[in-house]
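Engineer: Mind looking over this structure? Questions follow.
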Amino acid sequence: MNNFEPSSTLNAYVPSSIIIPDDWSLARNIMTDYILAEADAINVREIAQYDTRNLITGQQWFVSGDANKFRYGFRRVVDIGGLNDYSGGTTTQTVAHNITTNENMVFTHIYGCATDPGASTVTAAMPIPYVDADAVANSIEVWVDATNVNLRYGADYSAFTTAYVVLEWLQNPG
220 MNNFEPSSTL NAYVPSSIII PDDWSLARNI MTDYILAEAD AINVREIAQY DTRNLITGQQ
280 WFVSGDANKF RYGFRRVVDI GGLNDYSGGT TTQTVAHNIT TNENMVFTHI YGCATDPGAS
340 TVTAAMPIPY VDADAVANSI EVWVDATNVN LRYGADYSAF TTAYVVLEWL QNPG
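Here's what the structure looks like:
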């Protein structure tokens, strides 16, 4: 058996086919187990919805010290607009993330992308954060504070007129 097959993981897995016996009492038990497995699998799936509102992702994160307890992750997309605040030198661009932060919150993932749309096709797209191996000063740093997503860069990226940063976090980290 391959260690990466669904049946050997800790995640909920629902087989794509089942055999239902003719005896209703046996069938009822099999159907009940199958429906419960479906509900578990649906409830722990990763929801691929990206929005500018706070959404529950479907991710389940551990609670330190309690292997039987999990908490859900949240996601929000922050529309940065473009990378247009370059003023020659190192620039810090800030955009409000509109997330209520507190001492019970932990960010788990901060990532994004900027796109230079070009005239008729995409000229370029780059990840955020971005590292320029040839000129480190041209890299794009990203960090979050209590109110803003902050980007710092040392090159003129004003052609990148679309940029999004995705924030994922936990409440009540336990």
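Residues in the sequence shown are numbered from 220 upward in steps of one, following the working numbering. Here a beta-carbon is modelled for each residue, glycine too, at the ideal position from N, C-alpha and C. Computed from a predicted structure; not experimentally measured.
1) For E257, report the span of its alpha helix (DSSP H) as first-last.
2) Return the residue from the list Q312, T309, H316 and N303 that minimises the CA-CA distance to D335.
3) Sorted by chain position, which residues of the same chain lie with C-beta nearer than 8 Å to T309's C-beta, five sequence neighbours on each side aside?
4) Closer than 8 Å is the cut-off here; do at least three beta carbon pairs connect the region 358-370 with the region 235-255?
5) Answer with buried or exposed for R272, where buried requires no fewer than 16 other C-beta atoms within 10 angstroms of its C-beta.
6) Consult DSSP for N287 and reduce its assignment to one of helix, strand or coil.
7) DSSP three-state label for A382, please.
8) Let me make sure I understand the geometry here. Which of L389, I261, R294 and G277 has the alpha-carbon closest to that of V233?
9) Please report how far the alpha carbon of V314 lies from the alpha carbon of N367, in whole angstroms.
10) Leaving aside the five residues before and after Y349 along the sequence, list all residues of the same chain whose C-beta is less than 6 Å from its C-beta, in chain order.
11) In the region 280-356, which residue ranges form an unbroken beta strand (DSSP E) of at least 3 residues, counting only runs that do not cross its ends?
12) Could you tell me which residues DSSP puts in a beta bridge with Q390?
13) Could you pull the start and end residues of the beta strand (DSSP E) that N367 belongs to?
14) Cβ atoms of W388 and F293: under 7 Å apart, would you say?
15) Measure from the alpha carbon of N317 to the alpha carbon of each residue in A286, G284, C332 and L386, then state which is nearest.
16) Anyone know if the C-beta pair for Y253 and I238 falls short of 7 Å?
17) Under 7 Å Cβ to Cβ from Y376, same chain only, skipping five residues before and after it: list those, please.
Structural biologist: With the given structure in hand:
1) W243 to N262
2) Taking only the C-alpha atoms, the option nearest D335 is N303.
3) A356, R371, Y372 and G373
4) no
5) exposed
6) strand
7) The three-state secondary structure of A382, taken from DSSP, is strand.
8) V233 has its Cα closest to that of I261, out of L389, I261, R294 and G277.
9) 5 Å
10) S358 and I359
11) 285-300, 310-315, 324-335 and 343-347
12) M324
13) N367 to Y372
14) yes
15) L386
16) no
17) L302, Y305 and A333
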